[in-house]
Amino acid sequence: MSDELTMTMTGNLTADPELRTTSKGMSVVNFTIAHTTRSFNRSTSQWEDGSATFMRCSAWRDLADHIASSLSKGMAVVATGRISQRSYQVQDGSTRTVIEMTVDDIGASLKRATSQVTRIQSNNHGAMSTAPQTSSHNGNGQGFGIPEDDPSDPFNQPAEF
1 MSDELTMTMT
11 GNLTADPELR
21 TTSKGMSVVN
31 FTIAHTTRSF
41 NRSTSQWEDG
51 SATFMRCSAW
61 RDLADHIASS
71 LSKGMAVVAT
81 GRISQRSYQV
91 QDGSTRTVIE
101 MTVDDIGASL
111 KRATSQVTRI
121 QSNNHGAMST
131 APQTSSHNGN
141 GQGFGIPEDD
151 PSDPFNQPAE
161 F
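In our numbering, the protein residues as written are 1 to 161.
Next up, the structure:
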């Protein structure tokens, strides 16, 4: 829906993602992302941690399976999803309100880490198979580089003026 509130959040997973299957056979994973603000204190010349924000997250279907098999406690992640608010009643009768994210996409943050991606491909029958996602590495620590020369690649030909 166009009126849904979307958000991108960075942070660290507070625990391993918890994968379960619904009674209808659908995968769902639940996890929490913690984001701590940091600010530079000019008088001490030190970075200081501020308050932490904890976002309870869920993801469904194939994304849930991929998260459960790829991410773990402590990993830095970047997640984007739809924000919702819900209220519930606890045993003492009081009402609690929580804000949650239904994750549409998530990945490991590459700010202080590297990653190797395995692309999931489906065939015409819906079955999934894995094939390594290849990329050249130019040794500059960025995990990508100039691709191998491929004569059939039209972008590898000189420009005509």
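Even glycine gets a Cβ: it sits at the ideal position worked out from N, Cα and C.
Each residue's CA atom was taken as its position, placing K24 and P17 some 20 Å apart.
DSSP places A15 outside any alpha helix (DSSP H), giving it a letter other than H or E. Around the Cβ of M9, a 10 Å sphere holds 16 or more other Cβ atoms; the residue is buried.
By the Cβ-count criterion, L71 is buried, with 16 or more other Cβ atoms from all chains shown falling within 10 Å of its own Cβ. The alpha helix (DSSP H) runs lying completely inside the region 89 to 118 and spanning 4 residues or more number zero. Exposed is the label assigned to F54, since fewer than 16 other Cβ atoms lie within 10 Å of its Cβ.
With contact defined as three or more Cβ pairs closer than 8 Å, the region 36 to 48 and the region 75 to 84 are not in contact.
Here G11 is buried. Its C-beta has 16 or more other C-beta atoms within 10 Å. Shown here, D3 sits in coil according to DSSP, grouped into three states, outside any helix or strand.
Judged by DSSP secondary structure, R38 falls within the beta strand (DSSP E) whose first and last residues are S27 to N41. Contact check for A34 and T14: beta-carbon distance about 5 Å, within the 8 Å limit, so the pair qualifies. The C-beta separation of V29 from A59 comes to about 5 Å, placing the pair in contact by the 8 Å criterion.
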